[in-house]
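> All the letters of the sequence shown, read from the start, carry residue numbers 1 to 155 under the UniProt record's numbering.
Structure incoming, see below.
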Amino acid sequence: MRSFDFAPLLRSSIGYENLNRLVDAATRGEGSAYPPYNIEKVGEDAYRISMAVAGFGEDDLDVTVHENVLIVSGRVSEREEEETREFLHRGIGTRAFERRFELADTIQVTDAGYENGLLNIDLVREIPEEKRPRKIAIGGQPKIEAVKNEDREAA
């Protein structure tokens, strides 16, 4: 197993505590390549994940976002007609799956659609106003207002 020393990078970076975990996950790789997917940039701050899920219906798929992780899962529904069918070759996989995507804090999932055997998930980068670049005035004393005890109790 490879180990990376991020100390030189972290000396001048703040808030990248998860970097080591993300690199470990990336170097480990995923065990399965099923189902195949594409990630494309469709605009300046817009992305789309297209996942080939032939054989699954909309009700068989689940798209969830939890703590900056996009989780796409598919479950095989019980189909009575398939039990009576005899396949000579079965190349369309319909096994259950779960695929996870790490999302940056500024990435939001905006939509998901299913068309022609592809699950399309649209994402957009939304940078909050407090995270946008802003000019900081250089002045004398820092202006920090003390919170009064009465204000704390009211909140």
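Even glycine gets a Cβ: it sits at the ideal position worked out from N, Cα and C.
Since the structure is predicted, the reported quantities are computational estimates derived from the model, not experimental observations.
Who does Asp122 pair with in a DSSP beta bridge?
Answer is Arg48, Asp111, bridged to Asp122.
> For His89, which beta-bridge partners are listed by DSSP?
Answer is none; His89 lacks a bridge partner.
> Considering only the beta carbon of each residue, do Val53 and Ile121 sit closer than 9 Å?
Cβ atoms of Val53 and Ile121: not closer than 9 Å.
> For Lys131, name the three-state secondary structure that DSSP assigns.
Here Lys131 sits in helix by DSSP.
> Here's the rule: buried if 16 or more other CB atoms are within 10 angstroms of the residue's CB, otherwise exposed. What is Pro36?
That one is exposed.
> DSSP on Asp105, reduced to helix/strand/coil?
Coil.
> Ordered along the chain, which non-local residues of its own chain (more than five positions away) have a Cβ less than 6 Å from that of Val72?
Counting only Cβ-Cβ distances below 6 Å, and skipping sequence neighbours, we find Val63, Arg99.
> Between the alpha carbons of Lys131 and Val76, how many angstroms are there, rounded?
Taking the straight line from one Cα to the other gives about 42 Å.
> If you check the beta carbons only, do Gly117 and Phe97 fall under 9 Å apart?
For Gly117 and Phe97, no; Cβs fall outside 9 Å.
> Please state the DSSP three-state secondary structure of Glu58.
In the structure shown, Glu58 sits in a helix (DSSP, three-state: H, G or I).
> Going by beta carbon distance, what residues of the same chain come within less than 7 Å of Val109, once the five residues before and after it are set aside?
Correct list, in chain order: Val65, Leu70, Ile121, Leu123.
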